[in-house]
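To keep things clear, I will list the structure first and then write my remarks on it.
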Amino acid sequence: MSTDERATVSLPVRNDADLMTVRQRVRTLAQELGFGLVQQTKLVTAASELARNTLIHGGGGSVTVDAVSDAQGRDGLTLTFRDEGSGITDVDRALRDGYSTAGGLGMGLSGSKRLVHEFSVDTALGEGTTVSVTLWRGHASHGPR
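Letter 6 of the sequence shown, counting from 1, is numbered 147 in this note's numbering, and no numbers are missing.
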């Protein structure tokens with residue numbers, strides 16, 4: 142896929158059907174960009190967890206999927222999840238394995254962080270949360286750098 146063919150894809154995250162659409166679209170874009178099966182699985186898993194968090198904790202929102210390149214010539218995908226929920230009161234605590242406010246396993250944020258190269262959370266109480274992740278094609282992920 143050439144740089145000229147790359148486009149930003151925005152998808153709603155409002156219900157369970159949207160979660161499936163997000164997973165499918167991320168997998169398709171990763172395949173089109175030449176990501177291997179393991180990296181596709183990492184991206185889809187992170188997308189699924191973050192989309193579910195957007196829906197459950199943020200009351201719904203959206204995801205933007207961008208094909209990106211950097212100055213070193215790497216190609217990747219950046220996924221940016223946005224909601225207008227209540228925000229995260231303690232990001233450090235929310236990033237700990239096992240911490241959950243919804244009775245789940247507490248692996249959504251922390252697990253997603255381990256699956257990608259770049260990970261960021263921007264949150265403000267009463268204003269919502271934005272979580273952005275990037276995975277570079279062909280590079281082993283060892284968590285955020």
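For glycine and all other residues, C-beta sits at the position ideal for the given N, C-alpha and C.
query = Relative to the C-alpha of Ala235, which residue among Arg223, Phe222, Leu250 is closest?
reply = If you compare the alpha carbons of Arg223, Phe222, Leu250 with that of Ala235, the shortest gap goes to Leu250.
query = Ends of the beta strand (DSSP E) at Val257?
reply = Where Val257 is concerned, there is no enclosing beta strand (DSSP E), given that its DSSP letter is neither H nor E.
query = Which of helix, strand or coil does DSSP assign to Asp224?
reply = In this structure, Asp224 counts as strand in the three-state DSSP scheme.
inquiry  = Taking DSSP's pairing of strands, which residues face Ala265 in a bridge?
reply    = DSSP, once it has assigned bridges, lists Gly269 as partnering Ala265.
inquiry  = Please classify Gly279 as buried or exposed, where buried requires at least 16 other C-beta atoms within 10 Å of its C-beta.
reply    = Looking at its Cβ environment, which holds fewer than 16 other Cβ atoms inside 10 Å, Gly279 is exposed.
ask   = According to DSSP, what are the bridge partners of Val209?
value = Partner residues in the beta bridge of Val209, as assigned by DSSP, are Gly217.
Stretch pair the region 263 to 273 + the region 181 to 199: three plus CB contacts closer than 8 Å = With the rule of 3 Cβ pairs closer than 8 Å, the region 263 to 273 counts as touching the region 181 to 199.
inquiry  = Can you look up Thr230 in the DSSP assignment and give me helix, strand or coil?
reply    = Coil at Thr230, not helix or strand.
query = Helix or strand or just coil, what does DSSP make of Leu191?
reply = DSSP places Leu191 within a helical segment (H, G or I) once states are collapsed to three.
query = Under 9 Å, do Thr205 and Thr275 count as touching if we go by C-beta distance?
reply = The Cβ-Cβ distance between Thr205 and Thr275 does not fall below 9 Å.
key: Contacts around Ser227, its chain only, beta-carbon distance under 7 Å, and the 5 residues preceding and following it disregarded   = Sequence-distant Cβ neighbours of Ser227 in its own chain, meaning closer than 7 Å and more than five residues away, are Leu266, Gly267.
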